[in-house]
Amino acid sequence: MVPDVFNLAKLRAEYDRIREELFKARVRSQKAAEAVYPSKLDARLRWKGGPDFVIRKARFLLDGAELWDSSDRAQTDDLIEVAERSVKPGPHALTVRLEIRPKTEAKGGTKTGAAKLGYTSEHTFAIVVADTGHTHLVLTGDEDGDPPDYEPELELEIEFEE
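All you need for our numbering is the position in the sequence shown, starting with 1, plus 14.
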């Protein structure tokens, strides 16, 4: 008999239960926010870093709380859209964290090592969410590609819609 410590089926069932509870809690939280806050927020990031540099991972935080995360999925598009959600009106801090990597090349079936290069960049913006209506955050990122201080330029435009 296998000891309980190594019972993977039990661990998997517990993991699935906790994940389901977390999902339900997030849904309840979103429903409560929709009832309380009349203001909505969405975000869009367009990456214009050229064909040589791509976003591998991205993360958006609002006041330190996760707004969107690509998780371990590599980004394949130059456009990231964060779904609209209800938020408290007023001032907030929006943080965008990007992991930028050069596209890997293959020579003779082996990688050239480009996957080991790249950098992580984090930008924080002070924003104000409108009291009512929709606040659209439009971010544009670009990369100069000059080593050793690769640093993307991230511009933010805020649009309000009643």
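Idealized CB from N, CA, C, for every residue including glycine.
Remember, predicted model here, so these are calculated numbers, not experimental data.
- In this chain, the beta strand (DSSP E) harbouring T154 covers 147-156.
- The straight-line gap separating the alpha-carbon atoms of G63 and A27 is approximately 43 angstroms.
- If you check the CB distance, V101 and V143 come in under 7 angstroms.
- Residues of the same chain with a CB within less than 7 angstroms of the CB of A140, apart from the 5 flanking positions on each side, are P105, A107 in chain order.
- Per DSSP, L131 lies in no beta strand (DSSP E) segment and is marked neither H nor E.
- Taking every protein chain shown into account, the CB of T134 has fewer than 16 other CB atoms within 10 angstroms, so this residue is exposed.
- Counting along the chain, no beta strand (DSSP E) covers V101, and no H or E run does either.
- For K54, the enclosing beta strand (DSSP E) covers residues 53-61.
- Apart from the 5 residues on each side of it in sequence, P116 sits with its Cβ closer than 7 angstroms to the Cβ of D66, F67, A128, L131, G132 in its chain, given in chain order.
- Nearest Cα to Q44 within the set R99, E167, T146: R99.
- Contact check for S84 against A72 passes: the beta carbons are separated by less than 7 angstroms.
- The beta carbon of L25 lies closer than 7 angstroms to none in the same chain, with the five residues before and after it left out.
- In this structure, E169 places its C-beta atom within 7 angstroms of the C-beta atom of T154.
- The beta carbon of W61 is closer than 6 angstroms to those of I69, D92, G155 in its chain, skipping five residues each way along the sequence.
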